[in-house]
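Here my numbering is used: the first residue of the sequence shown is 214, the next is one more, and so on.
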Amino acid sequence: MADVLDLDAEVVGAYLDELTAWARSHTKTAPHTIVDIGAGTGSGTFALARRFEAAEVIAIDQSPTMLDRLQSAAASRGVAGRLRTVQADLDAGWPAIGTADLAWAASSLHHVADPDRVLADVHAALNPGGLLVVVEMDAMPRFLPEGVYPGLEQRCRAIADGNGWNSWPNWTSHLERAGFTVAEEQVFDIDVRPAPPAANRYAHRVMSGMRNRLAEQLSPEDLAAMDRLLDPENEESVLRRGDLAVRSVRTAWAAQRS
Numbered sequence: 214m215a216d217v218l219d220l221d222a223e224v225v226g227a228y229l230d231e232l233t234a235w236a237r238s239h240t241k242t243a244p245h246t247i248v249d250i251g252a253g254t255g256s257g258t259f260a261l262a263r264r265f266e267a268a269e270v271i272a273i274d275q276s277p278t279m280l281d282r283l284q285s286a287a288a289s290r291g292v293a294g295r296l297r298t299v300q301a302d303l304d305a306g307w308p309a310i311g312t313a314d315l316a317w318a319a320s321s322l323h324h325v326a327d328p329d330r331v332l333a334d335v336h337a338a339l340n341p342g343g344l345l346v347v348v349e350m351d352a353m354p355r356f357l358p359e360g361v362y363p364g365l366e367q368r369c370r371a372i373a374d375g376n377g378w379n380s381w382p383n384w385t386s387h388l389e390r391a392g393f394t395v396a397e398e399q400v401f402d403i404d405v406r407p408a409p410p411a412a413n414r415y416a417h418r419v420m421s422g423m424r425n426r427l428a429e430q431l432s433p434e435d436l437a438a439m440d441r442l443l444d445p446e447n448e449e450s451v452l453r454r455g456d457l458a459v460r461s462v463r464t465a466w467a468a469q470r471s
């Protein structure tokens, strides 16, 4: 998982600058303390540190492996002095980290057992006028150019969606129940072309996971197509293609604490 997160950040991470600029437009003052909830390997953490150059960023994650990786990357990026990592299982309770001005939950809120309780905890932890940004991925990213195995990725996504992959609700009502005022819901379309070299490895990792999860549900024709695309020795392999594009969608909510 850590490798996939790092590849995602390398390939499509530029959209985070647009997203953090959008978040900045909803802050009343420059935040002094930011909390990244479910920080993973730190793509959001570092984007926040770039956008808010004077802020301390607290990265929370359940995985010590993820946090170790994040801490190492922080040193190489020169932001270790403004970064604090906290290992915590949010299902067990909110950690004692003090108050914050901005909270960020990217592709993490739908993983907790009781998101309403976590949202209430975040609301209590934010200073008056503070902002919570929630971000979710709408569907698996797509990589293949038009005309290459037409409909394959769409069929895989439809099956994955039917299986509940990455399912999440519209967070608006949950945010309002927790006491937030939703200032805006925004969709961010990501289309990276030409794709950078790391996109080949990213596509291979994502599509390999998809193939393994959906193997018993794919048609024989689609399964054979996936195997050709994933075979490093096949000239059609995503590892060898120079015509990939990376397309994805994120939905974000900006919610303010009064």
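Ideal placement from N, C-alpha and C gives every residue a C-beta, glycine not left out.
Beta-carbon proximity of residue i to residue j, cut-off 8 Å
i           : j           : result
residue 457 : residue 412 : yes
residue 346 : residue 467 : yes
residue 256 : residue 221 : yes
residue 348 : residue 320 : yes
residue 239 : residue 469 : yes
residue 224 : residue 459 : yes
residue 403 : residue 462 : yes
residue 331 : residue 357 : no
residue 229 : residue 252 : no
Residue range of the beta strand (DSSP E) that includes residue i
i           : result
residue 224 : Segment 215 to 225 is the alpha helix (DSSP H) holding residue 224; no beta strand (DSSP E) there.
residue 401 : 394 to 405
residue 246 : 246 to 250
residue 243 : Counting along the chain, residue 243 falls outside any beta strand (DSSP E), and DSSP gives it neither H nor E.
Paired residues, beta bridge with residue i - DSSP
i           : result
residue 385 : Residue 385 is not bridged to any residue.
residue 419 : Paired residue(s): none; residue 419 is not in a bridge.
residue 298 : 272
residue 469 : 344 and 394
residue 461 : 403
Cβ-based neighbour list, residue i, same chain, cut-off 6 Å, excluding 5 preceding and 5 following
i           : result
residue 297 : 271
residue 293 : 287
residue 388 : 395 and 468
residue 384 : 347 and 466
Bounding residues of the alpha helix (DSSP H) (the contiguous stretch that carries residue i)
i           : result
residue 337 : 328 to 338
Own chain partners of residue i with C-beta closer than 7 Å, once the 5 adjacent residues on each side are dropped
i           : result
residue 368 : 435
**Message:** Quick check: the segment 299 to 308 against the segment 419 to 433, are at least 3 beta-carbon pairs closer than 8 Å?
**Reply:** Between the segment 419 to 433 and the segment 299 to 308 there are fewer than three inter-stretch CB-CB distances shorter than 8 Å, so the stretches are not counted as touching.
Meets three-Cβ-pair contact criterion under 8 Å: the segment 446 to 454 and the segment 415 to 425 | As far as the Cβ criterion goes, the segment 446 to 454 touches the segment 415 to 425, which means the pair count is three or higher.
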